[in-house]
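In this note's numbering, the protein residues as written are 249 to 758.
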């Protein structure tokens with residue numbers, strides 16, 4: 249009974265009636281607006297759903313899985329009772345009773361249902377689901393904790409070295425733990441233990457320095473590694489579907505890792521400058537780490553098996569399209585099958601089902617479905633034309649366009665707590681913008697760079713789940729986070745512009 253009461257209390261805390269009502273007001277308002285001649289009614293319905301979704305996502309009026317479920321219902325109802333008009337081909341020649349629908353024929357709830365769940369039939373959802381299982385395997389075996397402790401045991405007691413250690417742990421875990429929240433969840437408790445061992449206060453500069461450094465490094469490497477964050481997979485799915493190019497793990501690493509490497513170095517100097525620690529060393533810090541490492545005992549057989557599987561997975565990811573034709577999703581699913589196989593695996597289903605955030609998979613699939621709706625109903629193209637058409641982007645050099653849109657991207661992220669939701673809303677619009685601007689061969693590079701910028705959740709703790717996890721430790725204030733986030737964002741933005749003029753051009757991305 250106590251658990252039920254707590255659950256109801258938590259659910260009530262996440263429900264914001266005013267914003268929930270306003271989201272429906274926005275939905276109805278868009279539907280009641282006159283339909284522009286250049287936009288089919290179904291496209292207007294899609295924009296109404298987008299307005300509804302954005303308000304729910306930005307305000308978190310309800311939990312993300314609940315909002316995703318409502319969005320599915322709205323797609324089925326609003327699109328199902330919309331006329332097909334001139335969208336027959338764009339919608340894949342939908343049929344009813346064996347006849348192809350066109351003109352004033354209603355799309356039908358059956359066809360709308362397929363579109364509402366279209367995101368779940370993509371390889372992207374399979375990859376994200378498998379990645380969550382891989383993150384769970386790390387938690388079940390405690391391998392992620394062992395890796396973090398192992399790295400920190402070598403850095404010594406000096407505060408500067410521990411900062412380097414926190415960054416290195418985040419980098420290493422990014423290769424093997426495809427969940428930013430799980431990576432933060434591995435390193436933050438260890439750093440808190442080191443802070444407590446020294447006897448420093450929770451609100452000390454030392455605590456703020458180490459915890460903020462760790463989560464900012466996690467966010468930086470969300471960009472560097474394709475499989476490090478779900479929002480990357482959203483973008484890859486749309487790029488593959490609309491622009492006809494599947495960005496491999498190795499290609500992504502070649503494009504993005506240099507940015508993350510440079511920003512990791514920048515992070516080190518920025519953090520020590522804006523939050524200088526009270527002391528130069530943490531006496532007893534290394535001893536505590538070694539003690540915790542000893543408490544884990546020798547490496548267990550399940551850990552050895554997971555190490556082998558993870559290393560093989562990394563090899564196959566990085567050699568995709570180079571040494572073999574197997575895509576990242578298929579490779580990860582094969583690894584998942586091995587991890588769940590009795591005797592040779594590392595976990596069983598009972599251990600998995602209680603740890604997997606199933607709501608994440610629902611939100612991810614519905615996010616892709618919403619993107620598909622925006623693209624197929626031409627709503628994304630219309631929104632792109634209206635939003636960016638007045639900015640005079642046509643004829644502007646590609647680097648200037650990237651600089652301008654990236655700035656827009658960074659600012660709009662301030663309103664989103666989920667980069668996955670932001671990618672679902674913006675990537676279809678950016679893809680449509682490439683058509684408006686006739687970017688041609690630069691289209692893939694432009695969209696990919698904007699996806700990198702979508703992961704710029706450096707300014708506020710509410711901009712990413714991993715930062716909120718860290719904020720919950722009460723070791724820093726929003727002001728502390730902002731002091732670090734502003735220079736990191738500015739340097740990161742400038743670096744994106746510089747790399748657009750140089751490195752990415754040299755590689756042929758632009």
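Ideal Cβ positions, reconstructed from N, Cα and C, are used throughout, including at glycine.
Exercise for review: With a floor of 4 residues, list each alpha helix (DSSP H) that falls wholly inside the region 661 to 705, ordered by position along the chain.
Suggested key: 667 to 684 and 691 to 702
Burial state of residue 572, where buried means 16 or more other Cβ atoms lie within 10 Å:
Taking the first residue of the chain shown as position 1, residue 572 is located at position 324. With fewer than 16 Cβ atoms within 10 Å of its Cβ, residue 572 is classed as exposed.
What three-state label does DSSP hand residue 309 in the structure shown? Working through the chain shown from its first residue, we reach residue 309 at position 61. The answer is coil: DSSP assigns residue 309 none of H, G, I, E or B.
Exercise. Could you tell me if residue 727 is buried or exposed, where buried requires 16 or more neighbouring beta carbons within 10 angstroms of its beta carbon?
Key: On the chain shown, position 479 is the one that residue 727 refers to. Label assigned to residue 727: exposed.
Q | Local conformation of residue 268 per DSSP, three classes | A | Here residue 268 refers to the residue found at position 20 when the chain shown is read from its first residue. The answer is helix: DSSP assigns residue 268 an H, G or I state.
- Is it true that the region 513 to 524 meets the region 546 to 564, where meeting means three or more beta-carbon pairs spaced less than 8 angstroms apart? no
Quick one: using the 10 Å Cβ neighbour count with 16 as the cut-off for buried, is residue 542 buried or exposed?
Indexing the chain shown from 1 puts residue 542 at position 294. Residue 542 comes out exposed.
Fill in: For residue 437 and residue 717, the rounded distance between their alpha carbons
One-based indexing of the chain shown puts residue 717 at position 469. One-based indexing of the chain shown puts residue 437 at position 189. Each residue's Cα considered, the two are about 11 angstroms apart.
Can residue 544 and residue 442 be called in contact, C-beta distance under 8 angstroms?
Indexing the chain shown from 1 puts residue 544 at position 296. Indexing the chain shown from 1 puts residue 442 at position 194. Not closer than 8 angstroms, so no.
Self-check item: Three-pair Cβ contact test at 8 angstroms for the region 489 to 504 versus the region 382 to 392
Solution: no
May I have a chain-ordered list of the beta strand (DSSP E) segments no shorter than 3 residues that lie completely inside the region 318 to 387? 331 to 333 and 351 to 354
Same chain, Cβ closer than 7 angstroms to residue 343, neighbours up to 5 away in sequence not counted
For the purposes of this step, residue 343 is identified with residue 95 of the chain shown, where counting begins at 1. 349, listed in sequence order.
Out of 266, 306 and 326, state which residue places its alpha-carbon closest to the alpha-carbon of residue 295.
In the chain shown, counting from the first residue as 1, residue 295 sits at position 47. Of the listed residues, the one whose Cα sits closest to residue 295 is 326.
Residue closest to residue 374, alpha-carbon to alpha-carbon, out of 605, 609 and 637:
Numbered from its first residue, the chain shown carries residue 374 at position 126. For the residues 605, 609 and 637, the minimum Cα distance to residue 374 belongs to 609.
Next item on the list: Going by CA-CA distance only, name the one from 516, 498, 605 and 308 that's closest to residue 427.
Entry: Position 179 of the chain shown, counted from the start, is the residue given in the question as residue 427. Out of 516, 498, 605 and 308, 605 has the C-alpha closest to the C-alpha of residue 427.
Check your understanding: From what residue to what residue does the alpha helix (DSSP H) around residue 526 run?
Key -> In the chain shown, the residue the question calls residue 526 occupies position 278. Unbroken run through residue 526: none, as it is neither H nor E.
**Item:** Bridge-paired residues (DSSP) for residue 568
**Value:** Translated into positions along the chain shown, residue 568 becomes position 320. DSSP, once it has assigned bridges, lists 572 as partnering residue 568.
By the three-class DSSP mapping on this structure, what secondary structure does residue 548 have?
For the purposes of this step, residue 548 is taken as residue 300 along the chain shown, with counting starting at 1. In this structure, residue 548 counts as coil in the three-state DSSP scheme.
Item to check | Residues that DSSP places opposite residue 406 in a beta bridge | outcome: The residue labelled residue 406 in the question sits at position 158 within the chain shown. Answer is 529.
To the nearest angstrom, how far is the alpha carbon of residue 681 from that of residue 664? Sequence index remark: in the chain shown, residue 681 carries index 433 (1-based). Sequence index remark: in the chain shown, residue 664 carries index 416 (1-based). Taking the straight line from one Cα to the other gives about 21 angstroms.
For residue 670, count neighbouring C-beta atoms within 10 Å of its own C-beta (all shown protein chains included) and say buried if the count is 16 or more, exposed if not. As a working note, residue 670 is residue 422 in the chain shown. The residue is buried, with at least 16 neighbouring Cβ atoms inside 10 Å.
Check: Going by alpha carbons, who is nearest to residue 297 out of 631, 618, 639 and 453?
Finding: On the chain shown, residue 297 is found 49 positions in, with the first residue counted as 1. Selected option, being the one with the closest Cα: 618.
query: Starting from residue 519 and walking both ways along the alpha helix (DSSP H), at which residues does that stretch end?
result: Counted from its first residue, the chain shown places residue 519 at position 271. Unbroken alpha helix (DSSP H) run through residue 519: 497 to 522.
Do the CB positions of residue 738 and residue 464 come within less than 8 angstroms of each other? Residue mapping note: residue 738 aligns to position 490 of the chain shown, counting from 1. Residue mapping note: residue 464 aligns to position 216 of the chain shown, counting from 1. No; because the gap between Cβ atoms is not below 8 angstroms, this pair is not in contact.
Here's the rule: buried if 16 or more other CB atoms are within 10 angstroms of the residue's CB, otherwise exposed. What is residue 540? Working through the chain shown from its first residue, we reach residue 540 at position 292. Residue 540 is buried by the Cβ-count criterion.
Taking only three categories from DSSP, how would you classify residue 712? On the chain shown, position 464 is the one that residue 712 refers to. The answer is coil: DSSP assigns residue 712 none of H, G, I, E or B.
Local Cβ density within 10 Å of residue 497, reported as buried at 16 or more and exposed below that: Sequence index remark: in the chain shown, residue 497 carries index 249 (1-based). It counts as buried.
Shortest alpha-carbon distance to residue 372 belongs to which of 649, 479, 597 and 688? By 1-based counting over the chain shown, the position of residue 372 is 124. Residue 372 has its Cα closest to that of 479, out of 649, 479, 597 and 688.
With burial defined as no fewer than 16 other Cβ atoms inside 10 Å of the residue's Cβ, what is the status of residue 257: buried or exposed? Looking up residue 257 in the chain shown gives position 9. Because residue 257 carries a pLDDT of 40, less than 50, the predicted location of this residue cannot be relied on, and the following value inherits that uncertainty. It counts as exposed.
_residue 254 versus residue 263: straight-line alpha-carbon distance, rounded_ = Looking up residue 254 in the chain shown gives position 6. Looking up residue 263 in the chain shown gives position 15. Its pLDDT being 38, under 50, residue 254 is placed unreliably by the model, and the measurement read from it follows with that caveat. Answer to the nearest angstrom: the Cα atoms are 14 angstroms apart.
- Query: For residue 484 versus residue 511, is the C-beta distance shorter than 8 angstroms?
  - Reply: Taking the chain shown and counting its residues from 1, the one referred to as residue 484 is at position 236. Taking the chain shown and counting its residues from 1, the one referred to as residue 511 is at position 263. For residue 484 and residue 511, no; Cβs fall outside 8 angstroms.
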